[in-house]
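In the numbering used here, the protein residues as written are -4 to 232.
What follows is a set of notes on a single structure, which appears directly below.
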Ligand SMILES: CC(C)(COP(=O)(O)OP(=O)(O)OC[C@H]1O[C@@H](n2cnc3c(N)ncnc32)[C@H](O)[C@@H]1OP(=O)(O)O)[C@@H](O)C(=O)NCCC(=O)NCCS
């Protein structure tokens, strides 16, 4: 049995967004951002080498994922993954130090209707900027936003980003609480940033995600998340 199947047979999976996921992701995007919604051009965005989109899925069992030992698809299945590759490379060697397993999707697996949330991350220089994060209304307050945040920070580590940043509406307190939980603090304000109501945006940023203190904090949060919501499979490569 896979460890992540331990909780009620449910598997929490985060993986790269595929083009076929677009209709469901656009649905979530439209529901989450009705104020100024215009569908993201995912057919273009998914080819942008500076952007990464991840989706979260909740499954009963592993479905179209299957075990493989070739390590071709990196997954992070356990809290140990909170550490970034110490030397910024040698990922396979680094992974081999930890309890983990590899899965890959069977080729041609259909787009997944069980997508419950997504996140977009833009990489520029030493910064990973979260451009969008949303969870379907029905599935909020179940740890999925956190799982997407954990995955984004892990991805940022793997891509050697130093900090993770984002902008958030001044009134969006629930999202700010999520970000504060993951060590984001206010670094500035963009006045009247949101054109629909002229609302300010808070610029939020983490400290150096490679620092000992940040890594230790993230590790603790991941352990707490796992204890509360069960293990997850995070396919980041
Ligand atoms: C923000 C959002 C992604 C959070 O997703 P979620 O799956 O509901 O969040 P989680 O269940 O993982 O919650 C994690 C933490 O976020 C904070 N949080 C999330 N929703 C909250 C709420 N309604 N009230 C208070 N705190 C909240 C809490 O700190 C929570 O930790 P806790 O459970 O220990 O209290 C989701 O509310 C959403 O999609 N909102 C609409 C889109 C949006 O505003 N995106 C942000 C744009 S900047």
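Where a beta carbon is used, it is the ideal one built from N, C-alpha and C, also for glycine.
All figures in this text were calculated on a predicted structure; none of them were measured in a lab.
(request) Check the DSSP bridge columns for residue 54 and list the partner residues they point to. (result) Note: residue 54 sits in a beta bridge opposite 6.
(request) List in chain order the residues whose CB is within less than 6 Å of at least one heavy atom of ligand 1. (result) 27, 128, 129, 130, 135, 136, 137, 138, 139, 140, 141, 163, 167, 169, 170, 172, 173 and 176
(request) Since I believe residue 115 is in contact with residue 130 (beta carbons under 8 Å), could you give me their beta-carbon distance rounded to a whole number of angstroms? (result) The pair is not a contact, with the Cβ atoms about 14 Å apart (cut-off 8 Å).
(message) I'd like to know if the segment 156 to 172 and the segment 203 to 218 are in contact, where contact means that at least 3 CB-CB pairs between them fall below 8 Å.
(response) With a cut-off of 8 Å on Cβ pairs, the segment 156 to 172 is in contact with the segment 203 to 218, counting three or more such pairs.
(request) Measure the CB-CB distance between residue 113 and residue 49 and report whether it falls below 8 Å. (result) yes
(message) Between the alpha carbons of residue 28 and residue 126, how many angstroms are there, rounded?
(response) Residue 28 and residue 126 have their alpha carbons spaced roughly 13 Å apart.
(message) Can you tell me whether residue 162 is helix, strand or coil according to DSSP?
(response) Residue 162 sits in a strand when the DSSP states are folded into three classes.
(message) By DSSP's criteria, residue 132 is part of a beta bridge. Which residues make up the other side?
(response) Residue 132 pairs with nothing; no bridge assigned.
(message) Using CA atoms only, rank isn't needed, just tell me which of 52, 136, 144 and 135 is closest to residue 109.
(response) Measuring from the Cα of residue 109, the nearest candidate turns out to be 52.
(request) Would you give the residue range spanned by the alpha helix (DSSP H) that residue 207 belongs to? (result) 207 to 224
(message) Strictly by DSSP, which residues pair up with residue 197?
(response) Looking at the DSSP assignment, residue 197 forms a beta bridge with 163 and 184.
(request) With residue 113 as the anchor, note down where its beta strand (DSSP E) starts and where it stops. (result) 110 to 119
(request) Taking residue 149 and residue 185 to be in contact with their CB atoms under 8 Å, please state how far apart those CB atoms are, rounded to whole angstroms. (result) Distance from residue 149 to residue 185 at the Cβ level is roughly 27 Å; contact not present, criterion being Cβ atoms closer than 8 Å.
(request) Please name the residue, chosen from 9, 120, 133 and 40, that lies closest to residue 23 on a Cα-to-Cα basis. (result) 133
(message) By alpha-carbon positions, which one of 166, 14 and 211 ends up nearest to residue 198?
(response) 166
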